[in-house]
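A quick write-up on the structure given underneath.
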Amino acid sequence: QRMRRSTLTPLLFLGLASHTVAFAGLANQLSSVGSLFKSLRNGGRKASAVGDVQCSAGSSKPRLLYFDARGVVEPARLLLAAAGVEYDDHRYKVDMTAKPPKAVQFEEDKKAGKFASNMNRLPILVVDGVEIGQSQAIFRYLANRYGFMGSTPLECAQVDVICEHVRDIKDAFSKTRVIKDEAEKKAAVDKFYATDMPEWCQKLEACLAGIAGAAEGCCVGDRLSLADVIVYNWATTGFDDKEAAARARADCPRLRAVVDRVGRDPGIQGWVARRPATAF
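This is the structure:
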């Protein structure tokens, strides 16, 4: 019995040792995968600058389908410009002289079923043959892909919060634009610029002040995020009367700092300088 026990003991230790080595190897693999994910998630923009993200094996140039306008898709173009990503900016021409405006080629392609994945609407982003519809989904995909959604899950949620706040402000302004009576519409728009928008901007300013750890000129964290791009696009292209809009945020230093910092981003600065002049 002693002989048997003494013989089994080394075997038992050998078995345990082999399992320990196996678990250690698995832990190292999981650690490597986690590090890779973190690198892609948090350092996507840095990686894209040297080609590690945008030129991965088997990937093709993204294709963005929309009208010849800034419209609802412009934040996607700003994100791609900031990331330094080459893409096919496919624009459907719009005849603004027609009443209502017409996009002949768009109507033909819609009839042919080319936009079925997005319920016959634009924009659509095509990545490696996969079609992504809905502007907000496109923004979030690009922000996640190229490192513009914060560095932690909490920062990611804060980025989303700011984006939704801006959407609330845009929706409030849109209500004034659909009023049919011209005199009533003008009165509503004037009131929005003079009263409503300053109040909205102060609320957004207070929200930015409550985000701990945000660097100057950043809504969240210490690097460019989707939230910054959304704020910049809204502030610079969302209003016909840009002077009135600027006055409305005059007493919001954090908001102004975000707009200024995004405007100085080299990729975005270059895109704004060369983007086509469009009616909207």
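For the sequence shown, position 85 (counting from the first letter as 1) is numbered 1250 according to the working numbering, and the numbering increases by one without interruption. For each residue, glycine too, the CB sits at the ideal point set by N, CA and C.
For residue i, the three-state DSSP class (helix, strand or coil)
i	result
Tyr1257	strand
Arg1429	helix
Lys1267	strand
Arg1228	strand
Leu1290	strand
Gly1435	helix
Glu1296	strand
Asp1405	coil
Leu1389	coil
Tyr1397	helix
Ala1247	helix
Lys1350	helix
Selection from the options that minimises the alpha carbon distance to residue i
i	options	result
Met1261	Phe1232, Val1396, Ile1376, Thr1402	Phe1232
Gln1299	Phe1338, Leu1230, Glu1251, Trp1436	Leu1230
Ala1247	Val1331, Arg1440, Ile1433	Ile1433
Cys1372	Ile1327, Cys1383, His1255	Ile1327
Asp1228	Val1259, Lys1267, Ile1297	Checking the displayed sequence, the identity of residue 1228 turns out to be Arg instead of Asp. Nearest of Val1259, Lys1267, Ile1297 to Arg1228, Cα basis: Ile1297.
Ser1316	Arg1439, Val1385, Trp1399, Val1343	Val1385
Phe1304	Val1237, Asp1346, His1330	Val1237
Val1292	Glu1239, Arg1310, Lys1276	Arg1310
Asp1325	Phe1445, Ile1376, Asp1253	Ile1376
Assigned exposure category for residue i - 16 Cβ within 10 Å defines buried
i	result
Ala1241	buried
Ser1339	exposed
Ser1449	No statement about residue 1449 is possible, as the shown extent of the chain runs from 1166 to 1445 and does not include it.
Glu1251	exposed
Ala1380	exposed
Ala1308	buried
Own chain residues within Cβ distance below 6 angstroms of residue i, not counting five before or after
i	result
Pro1363	Ala1413
Phe1404	Ala1410
Lys1350	Ile1344
Determine, using beta-carbon pairs with one atom in the stretch 1278 to 1294 and one in the stretch 1348 to 1355, whether at least three such pairs fall under 8 angstroms.
no
Would you be able to state if there are at least three C-beta pairs under 8 angstroms between the stretch 1417 to 1431 and the stretch 1389 to 1407?
yes
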